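**Student:** If you're matching them up, the sequences are chains A and X in order. The opening residue of the first sequence carries number 1 in full-length UniProt numbering; numbering runs sequentially from there. The opening residue of the second sequence carries number 1 in full-length UniProt numbering; numbering runs sequentially from there. For reference, the structure I am asking about is given below.
Protein chains: 2
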Amino acid sequence: MPPTPELPITYLNTHADEAIELLTQLCRQPSIAAQNNGIEAMTELTEQLLSESGFQTQRLYYTSKAPPAIYGELRGRGPYTLLLYNHYDVQPAEPLDLWQSPPFEPTIREGKFFARGAVDNKGEIAARLAAIRALRATYGELPITLRWIIEGEEEIGSPHFEEIAEKYTELLQADGCLWEGAGFTEEGHPALNLGTKGLLYVQLDVQGVGIDAHSGKAPILPSAAWRLVQALASLRTPAGQVRIPGFYAAVKAPTEAQLEALMQQENKDEQLKAAHQVEQFVDGLSGMALRERAAFAPTCNIAGLNSGYTGEGVKTVLPARAMAKIDFRLVPEQDPHDILEKLRSYLHAQGYDDINVSVLGAAGPVVTPIEDPFVQKIQRIAEAFADKPARITPLTGGSLPLLDALQRHVGLPGLSAPGNVGYWGVGHTRPMNIFDCPTWNAPFAITATCSYLLIMLEHR
Amino acid sequence: MPPTPELPITYLNTHADEAIELLTQLCRQPSIAAQNNGIEAMTELTEQLLSESGFQTQRLYYTSKAPPAIYGELRGRGPYTLLLYNHYDVQPAEPLDLWQSPPFEPTIREGKFFARGAVDNKGEIAARLAAIRALRATYGELPITLRWIIEGEEEIGSPHFEEIAEKYTELLQADGCLWEGAGFTEEGHPALNLGTKGLLYVQLDVQGVGIDAHSGKAPILPSAAWRLVQALASLRTPAGQVRIPGFYAAVKAPTEAQLEALMQQENKDEQLKAAHQVEQFVDGLSGMALRERAAFAPTCNIAGLNSGYTGEGVKTVLPARAMAKIDFRLVPEQDPHDILEKLRSYLHAQGYDDINVSVLGAAGPVVTPIEDPFVQKIQRIAEAFADKPARITPLTGGSLPLLDALQRHVGLPGLSAPGNVGYWGVGHTRPMNIFDCPTWNAPFAITATCSYLLIMLEHR
């Protein structure tokens, strides 16, 4: 029997103010994990809102020193179970002088909702809450069981999510998981994201002399900066190939279905060039070749470099220390721990034992196959709702350690889909280290979210 | 007829307080060129002290926007003319919290004189003034002519000294020049420094994307950091040889006399290792081979490196910009402008036209031959005064653009010798960017300076 969304959507349209009020409540409460600001009050508010929406809640702790994840279960009639993932923490609001209105005083300007967390990721929590309330108000008991985990450390890399996923594996079992993020393309196609790349983030540190020296001593003193530059140069060919032996060994070729999905995507080359202010992409790539490279190429990126004097003008110094931050983005089936071993072995073999490698982050790639029944189901619903074919991204360039943890300990098919309000539409004009797009098209988002929750109606 | 220093030294010993008072006056007056702090008052004080010592003074300007050099002439009986070089400006006193007493409030602790500029270079000005006063008091009219230039921008790289040397060439003519600096070795040997290396200081800047991007885009966006690393790696072999074609072409082999001078130097390997906190020097060098490398090898040093995120922890960024500061130290007959051309040609030939090279400093190497009669004269006097053989450094690792300018426009034999109180004895335990050793052994320094001025007695 096809879903009949009219009733809950009518309810939503007549209760739009309540949805906005939910979002306002969530955004008014600071919850900056990096600064431990407002976290305790936020956990209470989150638990309360889930509880008021019919969820049986509990706090999932791994250690009492870290914020708990809030967990809720809303038991339905049938056996089908859907897991929702969100996070209640937000990025720091600095630099504050870029905000037109204070980050934790939600403000509506020109029909858009501005506040830290409005998009990432409280808007999504509010949208899901509003949709669930509408469904319960119009249908009563739900046909499927909803499980919802809302963690509090996503913006600092989910340092305890792995332990929580391992400790509470039973609570997280479901037939599929709706991650955070995704939305609609500019042309109105529902966008489905099926995976994230893995990440190995390391810092390379070299110490030459014990303290900075005058560069007049350069003929006879070891140079940390030169050692680092030479070690880095040994990692990659000028053309961009990673030289670490075996780096590409585990890379799995994309499937036909994945390539077909990329083929269906709109050509955004010019928009991408404009957004990144570049004349051309690496190797002059464009179109399908560009999308394929973006989706399936593992990378070795220099995220940071530092040594010696970096201010204005001249200082004739031979620096004692040099540092690089490197992030490897990994594709299926590359394993971050295996790549780390290979990196260490390679540096050793090249004679770079003086270079200290510390690991700052490691997560495996996560990808749900296009053929997975859960993906098929969501795609069917999304296309029916939008009346347009879905646009599927098999693998996004970013990495989410929590998805890797969820995948390894629970093993659910998952994806991001519209209704996960995420990076919705307009407004992403801020520098990349400000993650929040301060806009939220509330009724549309709730409607879309509601359509996803219609998955349960298929199980009536 | 040998010099008879007894009279002026007796005078100095009975007028030690006046010498200390001179130094106190000079050090009490801030004169920080980099911060334009106290410069005007310092020029007045400097001119006044020279004038009171019998010099006919004038201010040498190239532009009214920069501090003038103070010039004085003290005409003597004979035609022999000696030029003295000093500077009245000092380095900024920051970080202030490392000072036990305020930098511009001279304080004597445990027999040592502490103040910014006490060593570099007001101690030397005070010592020379006191010595000249003693000589005039005991002998009346001097047998030779003294010319003295005291500039006000040495600590910011002498940006106008070249123009001043060109404009006032006639005033700077002499039979030889006593530069600033030098002193005695720990063993009491007079140290003579006959030259400084040249310098080419460049900054390399690369721009990839227009603004920092998320590193998830690394497969398709150009990386400024990688371009910089690869360009840098192309400049030098891992063993340290500069790869720029022709870089070594003009290098002149050291003379027998220069090598012999290095042979005479004490072995300071262990002290050097301790000072720089290193286990060993490059290529395991030691002894004479180490001294020869230090003195005569040109270098390509990385003084600074910067790109992307350099704070604690993780930021997954693909940086828009990357920057390196490079200083080349040049030996005779390398020319900084020629080396710059060769660097640009090489980067062009290697395909690095996207790397912007800006010049932050250029000065040629300056070296006075050991065989020069002026050197021979000073060495003879130094050895007679100290009753120990001199230790000659043919070429020091540092660079002084002003000496290069003086050399090219006036062309005097010159050297640093004891009495140029300079980097005297104890106390150099501060980080290298604080140039002042806050100690001054006043009577000894004045005595030594006086002995140099005895050069004039040879011309009685």
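Glycine included, every Cβ here is placed at the ideal spot set by N, Cα and C. What you are looking at is a predicted structure, and each value in this text was computed from that prediction instead of being measured.
From Gly227(X) to Phe113(A), what distance separates their C-alpha atoms?
**Tutor:** Residue mapping note: residue 227(X) aligns to position 227 of the second sequence, counting from 1. Residue mapping note: residue 113(A) aligns to position 113 of the first sequence, counting from 1. Sequence inspection shows Arg at residue 227(X); the Gly mentioned does not correspond to that position. Roughly 41 Å separates the two Cα atoms.
**Student:** Where DSSP assigns a beta bridge to Ala191(X), which residues make up the other side?
**Tutor:** Residue numbering aside, residue 191(X) sits at position 191 when the second sequence is read from its first letter. In the DSSP output, where bridge partners are listed per residue, Ala191(X) has Gly183(X) and Arg391(X).
**Student:** Whose Cβ in chain X lies nearer than 7 Å to the Cβ of Ile220(A)?
**Tutor:** Numbered from 1 along the first sequence, position 220 holds the residue referred to as residue 220(A). Neighbours of Ile220(A) on chain X, chain order: Phe281, Val282, Leu285, Leu290, Arg293 and Ala294.
**Student:** Note down, in chain order, every chain A residue with its Cβ under 9 Å from the Cβ of Arg243(X).
**Tutor:** Position 243 of the second sequence holds residue 243(X). Per Cβ cutoff of 9 Å: no residues; Arg243(X) is ~12 Å from chain A at best.
**Student:** Can you round the beta-carbon distance between Lys217(X) and Gly183(A) to whole angstroms, since I take them to be within the 8 Å contact cut?
**Tutor:** Counted from its first residue, the second sequence places residue 217(X) at position 217. Counted from its first residue, the first sequence places residue 183(A) at position 183. Actually they do not touch by this definition, with Cβ atoms about 18 Å apart.
**Student:** Starting from the C-beta of Glu266(X), find all residues in its chain whose C-beta is less than 6 Å away, skip the five residues before and the five after it, and write them out in chain order.
**Tutor:** Here residue 266(X) is taken as the residue at index 266 of the second sequence, counted from 1. Result list for Glu266(X): empty, nothing under 6 Å.
**Student:** For Ser358(X) and Ala93(X), I'd like the C-alpha separation in whole angstroms.
**Tutor:** Mapped onto the second sequence, residue 358(X) falls at position 358. Mapped onto the second sequence, residue 93(X) falls at position 93. Distance between the alpha carbons of Ser358(X) and Ala93(X) is about 29 Å.
**Student:** Residue ranges of each alpha helix (DSSP H) run of no fewer than 4 residues wholly in the UniProt domain "Peptidase M20 dimerisation" (195-350) of chain X, ordered along the chain?
**Tutor:** Complete alpha helix (DSSP H) runs here, min 4: 224-235, 256-264, 269-276, 287-296 and 336-349.
**Student:** Under 8 Å: do the segment 203-212 of chain A and the segment 276-294 of chain X share three or more Cβ pairs, one atom per stretch?
**Tutor:** Output reads yes: the segment 276-294 of chain X touches the segment 203-212 of chain A.
**Student:** Just tell me which of Ala130(A), Gly157(A) and Ala322(A) has its CA closest to the CA of Leu12(A).
**Tutor:** Locating residue 12(A) in the first sequence gives position 12, where the first residue counts as 1. Comparing Cα-Cα distances from Leu12(A) to each of Ala130(A), Gly157(A) and Ala322(A), the minimum goes to Ala130(A).
**Student:** Determine whether the Cβ of Val367(X) lies closer than 8 Å to any Cβ atom of chain A.
**Tutor:** Residue numbering aside, residue 367(X) sits at position 367 when the second sequence is read from its first letter. With 8 Å as the cut-off, Val367(X) does not count as an interface residue toward chain A.
**Student:** Let me confirm a value: Lys252(A) is counted as buried when at least 16 other C-beta atoms fall within 10 Å, else exposed. Which label applies?
**Tutor:** Within the first sequence, residue 252(A) is the residue found at index 252, counting from 1. Lys252(A) comes out exposed.
**Student:** Any Cβ of chain X within less than 8 Å of the Cβ of Pro179(A)?
**Tutor:** Locating residue 179(A) in the first sequence gives position 179, counting from the first residue. Looking at the sequence itself, residue 179(A) is Trp, so the reference to Pro does not match. No, Trp179(A) lies away from the interface with chain X (no Cβ there is under 8 Å from its Cβ).
**Student:** With 16 as the cutoff for other CB atoms within 10 Å, does Thr10(X) come out buried or exposed?
**Tutor:** For the purposes of this step, residue 10(X) is identified with residue 10 of the second sequence, where counting begins at 1. It counts as exposed.
**Student:** Tell me which residues of the segment 299-316 of chain A have at least one Cβ-Cβ distance to chain X shorter than 7 Å, keeping chain order.
**Tutor:** Per Cβ criterion, the list reads Thr299, Asn301, Ile302, Ala303, Gly304, Leu305, Asn306, Ser307, Gly308, Tyr309, Thr310, Gly313, Val314, Lys315 and Thr316.
**Student:** Does the beta carbon of Gly398(A) sit closer than 8 Å to a beta carbon anywhere in chain X?
**Tutor:** The residue given as residue 398(A) occupies position 398 in the first sequence. Closer than 8 Å: yes.
**Student:** With a threshold of 16 other CB atoms inside 10 Å of the CB of Asp436(X), please say whether the residue is buried or exposed.
**Tutor:** Locating residue 436(X) in the second sequence gives position 436, counting from the first residue. Residue confidence for Asp436(X) is low, a pLDDT of 36 falling below 50, so the modelled location carries little weight; the figure read from the coordinates is stated next. Asp436(X) comes out buried.
**Student:** Name, going along the chain, the residues of the segment 346-361 of chain A whose beta-carbon falls closer than 8 Å to a beta-carbon of chain X.
**Tutor:** Correct list: Leu360 and Gly361.
**Student:** For Tyr62(X), would you say it is in contact with chain A, using Cβ-to-Cβ distances shorter than 8 Å as the test?
**Tutor:** Here the question's residue 62(X) lines up with position 62 in the second sequence. Not closer than 8 Å to any Cβ of chain A, the Cβ of Tyr62(X) fails to qualify, so no.
**Student:** Rounded to whole angstroms, what is the Cα-Cα separation between Glu162(A) and Asp404(A)?
**Tutor:** One-based indexing of the first sequence puts residue 162(A) at position 162. One-based indexing of the first sequence puts residue 404(A) at position 404. Distance between the alpha carbons of Glu162(A) and Asp404(A): 8 Å.
**Student:** Indicate, with yes or no, if the ligand MG has a heavy atom lying under 7 Å from the CB of Pro159(A).
**Tutor:** Summarising the ligand content, the structure contains no ligands, and the ligand MG is consequently not present.
**Student:** With C-beta atoms as the reference, is Pro373(X) less than 8 Å away from Arg329(X)?
**Tutor:** In the second sequence, residue 373(X) corresponds to position 373, counting from 1. In the second sequence, residue 329(X) corresponds to position 329, counting from 1. No.
**Student:** Per DSSP, what kind of secondary structure is Phe55(X) in: helix, strand or coil?
**Tutor:** Your numbering for residue 55(X) matches position 55 in the second sequence. Coil, per DSSP.
**Student:** What would DSSP say about Asn121(X), mapped onto helix, strand or coil?
**Tutor:** By 1-based counting over the second sequence, the position of residue 121(X) is 121. Asn121(X) falls in the coil class under three-state DSSP.
**Student:** Secondary structure at Tyr168(X), three-state DSSP: helix, strand or coil?
**Tutor:** Taking the first residue of the second sequence as position 1, residue 168(X) is located at position 168. Coil at Tyr168(X), not helix or strand.
**Student:** Consider the Cβ of Met323(X): report whether some Cβ of chain A lies at a distance smaller than 8 Å.
**Tutor:** One-based indexing of the second sequence puts residue 323(X) at position 323. Judged by the 8 Å Cβ criterion, Met323(X) is in contact with chain A.
**Student:** Between Gly414(A) and Cys177(A), what straight-line distance do the alpha-carbon atoms span, to the nearest angstrom?
**Tutor:** The count along the first sequence starts at 1 and reaches residue 414(A) at position 414. The count along the first sequence starts at 1 and reaches residue 177(A) at position 177. Going from the Cα of Gly414(A) to the Cα of Cys177(A) covers about 4 Å.
**Student:** For Met288(X), is the classification buried or exposed, using 16 other Cβ atoms within 10 angstroms of its Cβ as the cut-off for buried?
**Tutor:** One-based indexing of the second sequence puts residue 288(X) at position 288. With fewer than 16 Cβ atoms within 10 Å of its Cβ, Met288(X) is classed as exposed.
**Student:** Ignore the nearest five residues each way along the sequence and tell me which others in Val303(A)'s own chain have a CB closer than 6 Å to its CB.
**Tutor:** By one-based count along the first sequence, residue 303(A) stands at place 303. The sequence shown places Ala at residue 303(A), not Val. Same-chain partners within the cutoff: Lys325 and Asp327.
**Student:** Across which residues does DSSP place Leu7(X) in a beta bridge pair?
**Tutor:** Translated into the one-based positions of the second sequence, residue 7(X) becomes position 7. Beta-bridge pairing links Leu7(X) to no other residue.
**Student:** For Pro238(X), would you say it is in contact with chain A, using Cβ-to-Cβ distances shorter than 8 Å as the test?
**Tutor:** On the second sequence, position 238 is the one that residue 238(X) refers to. Yes, because at least one Cβ of chain A sits closer than 8 Å to the Cβ of Pro238(X).
**Student:** Can you say whether Asp120(A) is buried or exposed, counting buried as having 16 or more other CB atoms within 10 angstroms of its CB?
**Tutor:** The residue given as residue 120(A) occupies position 120 in the first sequence. Asp120(A) should be labelled buried.
**Student:** Applying the criterion that 16 or more other CB atoms from any shown protein chain within 10 Å of the CB defines a buried residue, is Asn36(X) buried or exposed?
**Tutor:** Against the second sequence, residue 36(X) aligns to sequence position 36. When all chains shown are included, Asn36(X) counts as exposed.
**Student:** Pull out every residue of the segment 194-208 of chain X whose Cβ sits closer than 8 Å to any Cβ of chain A, in chain order.
**Tutor:** Listed by position, the residues of the segment 194-208 of chain X near chain A (Cβ gap below 8 Å) are Lys197, Leu199, Tyr201 and Gly208.
**Student:** Which residue comes first and which comes last in the alpha helix (DSSP H) that contains His15(A)?
**Tutor:** Translated into the one-based positions of the first sequence, residue 15(A) becomes position 15. No alpha helix (DSSP H) holds His15(A); DSSP gives it neither H nor E.
**Student:** Using beta-carbon positions only, say whether Thr46(X) and Pro67(X) come within less than 8 Å of one another.
**Tutor:** For this step, residue 46(X) is matched to residue 46 along the second sequence. For this step, residue 67(X) is matched to residue 67 along the second sequence. Cβ atoms of Thr46(X) and Pro67(X): not closer than 8 Å.
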